[in-house]
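Residue numbering for the sequence shown follows full-length UniProt numbering, starting at 1 and increasing by one per position.
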Amino acid sequence: MIKQPEQPPFPPPAAPRATERVRSWRWLVPVLLVLLFLAVLIWLPWQARQMEATERQEQLIADTLWVEQTLRFELARSEEALTNLGADLVNRPPSPTALQARFKQMFNNGHELVRVVWYGPDGKVRASHGLEPSTLLPAPTRLAADVAAATRRARYSEPYGATPTSPGLLDFYLPLYADGQPAGSLVATYSLQVLLDETVPWWFAQDNALSLLDREDRTVARRAAGGPGRGVYTHRRELDLPGALVVLSTDSVKRAPQLLPNLLVGSVIVLALGLVLSLGALWRHISRTLAAEAALRQQMAFRTAMENSLITGLRARDLEGRVTYVNRAFCEIVGLPQEELVGKKPPMAYWAPEVMAEYEERFRGVLAGNITPQFETVFQRPDGVRVPVLVFEAPLVDANGRQSGWMSSVQDITDRKRAEELNRQQQEKLEASARLATMGEISSMLAHELNQPLAAISSYTAGALNVLERSTQAGEPVNPGMLRHALDQARQQAQRAGQIIRSVHEFVKKREPRRELVTIRSVIDGVHALVELQARQANVVLRIEQAPQLPPVLADRVLLEQVLLNLTRNAIEAMQDTRLEMRVLRIAAAQADGQVTVSVIDRGHGIAPEVAAGLFSPFYSTKAEGMGMGLSICRTAIEFHGGTLSHAPNPGGGTIFTFALPAQAAGGALG
Ligand code: ADP
1 MIKQPEQPPF PPPAAPRATE RVRSWRWLVP VLLVLLFLAV LIWLPWQARQ
51 MEATERQEQL IADTLWVEQT LRFELARSEE ALTNLGADLV NRPPSPTALQ
101 ARFKQMFNNG HELVRVVWYG PDGKVRASHG LEPSTLLPAP TRLAADVAAA
151 TRRARYSEPY GATPTSPGLL DFYLPLYADG QPAGSLVATY SLQVLLDETV
201 PWWFAQDNAL SLLDREDRTV ARRAAGGPGR GVYTHRRELD LPGALVVLST
251 DSVKRAPQLL PNLLVGSVIV LALGLVLSLG ALWRHISRTL AAEAALRQQM
301 AFRTAMENSL ITGLRARDLE GRVTYVNRAF CEIVGLPQEE LVGKKPPMAY
351 WAPEVMAEYE ERFRGVLAGN ITPQFETVFQ RPDGVRVPVL VFEAPLVDAN
401 GRQSGWMSSV QDITDRKRAE ELNRQQQEKL EASARLATMG EISSMLAHEL
451 NQPLAAISSY TAGALNVLER STQAGEPVNP GMLRHALDQA RQQAQRAGQI
501 IRSVHEFVKK REPRRELVTI RSVIDGVHAL VELQARQANV VLRIEQAPQL
551 PPVLADRVLL EQVLLNLTRN AIEAMQDTRL EMRVLRIAAA QADGQVTVSV
601 IDRGHGIAPE VAAGLFSPFY STKAEGMGMG LSICRTAIEF HGGTLSHAPN
651 PGGGTIFTFA LPAQAAGGAL G
């Protein structure tokens with residue numbers, strides 16, 4: 001099946017270099033854009049992580065500040081209570097019970113307070129609450145007491161007493177003055193651990209490990225409800241305590257924000273992967289499409305070149321018979337340009353008027369879906385010249401397998417027709433010459449044959465003259481009976497001679513082959529006299545055997561006579577050296593398998609295998625004066641009639657040549 005061609009096929013699509021260059025640049029822009037997009041995609045999560053880290057750090061700093069403020073506030077509240085108590089102790093000392101009650105209240109208000117001691121001006125303990133007071137102040141407290149005495153201001157000691165297992169303590173030293181004179185002191189001891197535990201809210205302690213550090217960075221108290229800090233987000237803040245350097249250190253238990261579990265990062269990666277994959281798929285698809293396009297272009301160029309180089313005309317028609325495509329060769333065959341053919345519906349400009357009916361009949365078939373796959377017809381060029389063409393037609397099927405029209409290939413067979421005509425003429429000439437040659441060979445016999453009637457005419461006319469003369473001399477009336485008899489005989493003999501001459505003329509003259517219904521009997525009768533003549537000369541007995549009621553054949557009588565004469569002449573010549581009693585020539589006509597067969601059977605020398613090979617070739621002869629054309633012409637003539645010519649050895653010695661012709665129904669004018 002042939003695919004629907006596209007229009008117009010003639011100019012092949014060019015693929016210039018500039019297009020190639022543009023194509024390679026075309027990729028660069030999307031590639032750069034994709035790279036930029038990927039860079040942004042990668043940068044975004046990194047940036048987000050940075051922002052998150054900064055935010056956490058800032059949050060930690062703010063929280064630390066807040067905790068520091070809280071601690072400071074708690075200590076300040078305690079300071080204030082102690083200062084008030086100190087003033088009361090100097091100015092109007094409460095009873096011991098009232099003092100204890102105040103102490104108790106202070107302890108209730110601030111759990112971090114583990115001990116309060118009131119020292120008199122002599123350094124002795126006047127009253128205390130909480131832990132047992134030691135007579136000797138710890139060294140840091142003493143140092144603070146010295147500075148406080150010198151500056152007359154309350155002071156904190158450096159944290160002390162911390163061991164790796166127990167937290168440290170912090171003292172607040174408040175010197176008391178009465179009328180400007182030292183009047184003892186109040187020393188409050190705080191547990192830094194309780195301070196942390198009580199003041200820092202649980203949620204903060206859950207998220208951060210908190211430590212209080214002394215001047216040498218030793219941990220004096222620690223709270224880490226949520227586990228140790230990770231050292232990622234840390235902050236240090238000094239508590240603003242006069243005389244003491246206590247640093248609040250916070251260390252978040254949070255890790256640095258991780259890149260992967262981040263939702264944004266995840267979605268970005270998924271997006272990027274999806275983008276890269278879909279880009280890859282798109283790229284592959286486009287590459288494939290481009291490759292297919294290039295292949296198609298090449299195919300098209302190849303096909304166009306092929307179609308244009310064809311000498312066979314191509315024509316496509318749709319189902320309505322409208323011409324959809326013609327190639328160059330078709331335009332040349334019909335002598336019309338493409339524009340005058342494509343899109344046109346019958347009757348076409350190249351239809352010759354004398355075959356119009358045939359075209360229309362065939363076109364009706366095309367519309368009905370019945371095509372003649374192969375036929376010969378004639379097209380007409382605009383100058384009137386007729387072009388014999390051979391047309392092949394096939395259904396045209398589209399990509400969906402549906403028939404969309406018809407495709408025809410058209411061959412200009414002018415040359416073939418001319419060659420056939422020439423061949424026919426030469427064959428005719430050859431046959432005529434062969435007939436002449438045959439006649440030449442039998443002319444001596446003819447002369448002999450003609451001699452007889454001529455001699456008979458001569459003697460009959462001489463007899464008639466004698467009768468006339470005798471009557472004149474005798475003065476008797478002429479005997480009309482005798483005269484009529486002689487003249488009648490002379491006329492019959494003259495007719496016989498004329499008959500012979502006419503048959504020779506008929507046989508030899510140049511003529512067109514003419515087929516008609518012929519009986520084999522009439523063919524045999526036609527050559528009987530001549531064969532008989534040859535046979536007699538060669539001392540051969542002729543026997544003719546004909547089956548009864550043989551059907552006629554459709555043939556040219558003269559050609560069949562020529563075949564029979566050739567075969568009988570060969571048969572007689574083959575029996576030249578045969579013993580006299582064996583020289584029998586049989587012509588047998590019979591009927592078999594719808595064919596009429598005629599066999600020429602001789603008892604001659606037979607045909608050697610090497611002779612059989614070249615028997616039917618033109619100019620093949622084993623005879624000194626043979627032309628070698630006889631059997632070649634016989635075979636051509638028989639095949640021209642749709643029959644066959646063959647030979648076989650005669651079982652009794654010799655050869656049988658048989659030709660068979662299709663039998664026709666009897667009737668009509670039989671020759
Ligand atoms: P020609 O008779 O001029 O030689 P033909 O074509 O009639 O040419 O015959 C070719 C050759 O075939 C003859 O030369 C002969 O050798 C052989 N041949 C033909 N007919 C017979 C036959 N009946 N018996 C034997 N040989 C034959």
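Beta carbons: idealized from backbone N, C-alpha and C, even for Gly.
Should residue i go down as buried or exposed, given a rule of 16 or more other Cβ atoms within 10 Å for buried?
i, result
"residue 672", "Limits of the chain in this structure are 1 at one end and 671 at the other, which puts residue 672 out of reach."
"R569", "buried"
"I524", "buried"
"I520", "buried"
"Q473", "exposed"
"S267", "exposed"
"L670", "Note on L670: pLDDT 42, under 50, position unreliable in the model; no value is reported."
"I286", "exposed"
"S191", "buried"
"W406", "buried"
"G123", "exposed"
"P347", "exposed"
"L28", "exposed"
"L36", "exposed"
Given a cut-off of 8 Å, decide if residue j and residue i are closer than it, judged by their beta-carbon atoms.
i, j, result
"I607", "R586", "no"
"E79", "A154", "yes"
"A329", "T304", "no"
"L661", "V553", "yes"
"A101", "P257", "no"
"G628", "F640", "no"
"A574", "G654", "yes"
"I501", "A538", "no"
"P94", "D88", "yes"
"V584", "A555", "no"
"L207", "V253", "The residue asked about is misnamed: residue 207 is Asp in this sequence, not Leu. Against a cut-off of 8 Å, the Cβ pair of V253 and D207 comes out as a contact."
"L186", "L196", "no"
"residue 675", "L248", "This structure gives no information on residue 675, because the portion of the chain shown stretches from 1 to 671."
"A648", "Q591", "no"
"residue 675", "G594", "The structure shown does not extend to residue 675, since the chain spans only 1 to 671, so no value can be given for it."
Under the criterion of a Cβ to heavy atom distance below 7 Å, does residue i qualify as lining the ligand NAP?
i, result
"T312", "Among the ligands modelled here, namely the ligand ADP, the ligand NAP does not occur."
Closer than 7 Å by C-beta to residue i: which residues in its own chain qualify, once you throw out the five before and the five after it? Chain order, please.
i, result
"A183", "V90, P121, L176, Y177"
"P477", "S471"
"L310", "N327, A329"
"M106", "A81, L113, V116"
"Y173", "T141, A144, A145, A148, A154, R155, S157, S185, V187"
"R255", "R230, V232"
How close, in whole Å, do the beta carbons of residue i and residue j come, if the pair is a contact with beta carbons under 8 Å?
i, j, result
"L483", "A455", "At roughly 20 Å, the Cβ-Cβ gap does not stay under 8 Å, so L483 and A455 are not in contact."
"R322", "K344", "7 Å"
"E74", "T219", "20 Å between Cβ atoms; not a contact."
"F379", "Y350", "5 Å"
"R223", "A205", "5 Å"
"L169", "A127", "The Cβ separation is near 20 Å, so there is no contact."
"L341", "P382", "Rounded, the Cβ-Cβ distance is 12 Å, inconsistent with contact."
"I638", "L645", "4 Å"
"L565", "V598", "The pair is not a contact, with the Cβ atoms about 12 Å apart (cut-off 8 Å)."
Tell me which residues share the same chain as residue i and place their Cβ nearer than 6 Å to its Cβ, disregarding the 5 neighbours each side in the sequence.
i, result
"P453", "Q493, R496, A497"
"E616", "The sequence given here has Phe at residue 616, not Glu. These residues qualify, in order along the chain: L631, S632, R635."
"Q193", "P167, A221"
"T67", "Per the sequence shown, residue 67 should be read as Val rather than Thr. Same-chain partners within the cutoff: V200."
"T64", "H235, R237, T250"
"L560", "V523"
"residue 676", "What the structure shows of the chain is the stretch from 1 to 671, and residue 676 is not part of that stretch, so it cannot be assessed."
"I457", "A490, Q493, A494"
"G86", "L174, L176, L186"
"T70", "T199"
For residue i, collect the residues of the same chain with a Cβ closer than 8 Å to its Cβ; drop the 5 residues on either side in sequence, then sort them by chain order.
i, result
"P373", "F392, E393, A394"
"A665", "P551"
"R603", "M575, T578, M582, R583, V584, N650, G652, G653, G654"
"I333", "G313, F379, V387, V389, V410, D412"
"L271", "L41"
query = What runs of the beta strand (DSSP E), each 3 residues or longer, lie entirely inside the stretch 343-391?
reply = With a minimum length of 3 residues, the continuous beta strand (DSSP E) runs that stay inside the stretch 343-391 are 374-380.
message = Please give me, in chain order, every unbroken run of the beta strand (DSSP E) with length at least 3 that falls completely inside the stretch 454-522.
response = Whole beta strand (DSSP E) segments, 3+ residues: 516-518.
task = Could you name each continuous beta strand (DSSP E) segment of 3 residues or more that falls completely within the stretch 577-610, going from the start of the chain to the end?
result = Here the runs fully enclosed are 584-592, 595-601.
query = Mind pulling the beta strand (DSSP E) runs of 3 or more residues that sit fully within the stretch 150-235?
reply = Counting whole runs of 3 or more residues, the stretch 150-235 contains the beta strand (DSSP E) stretches 169-178, 181-191, 208-213, 219-223.
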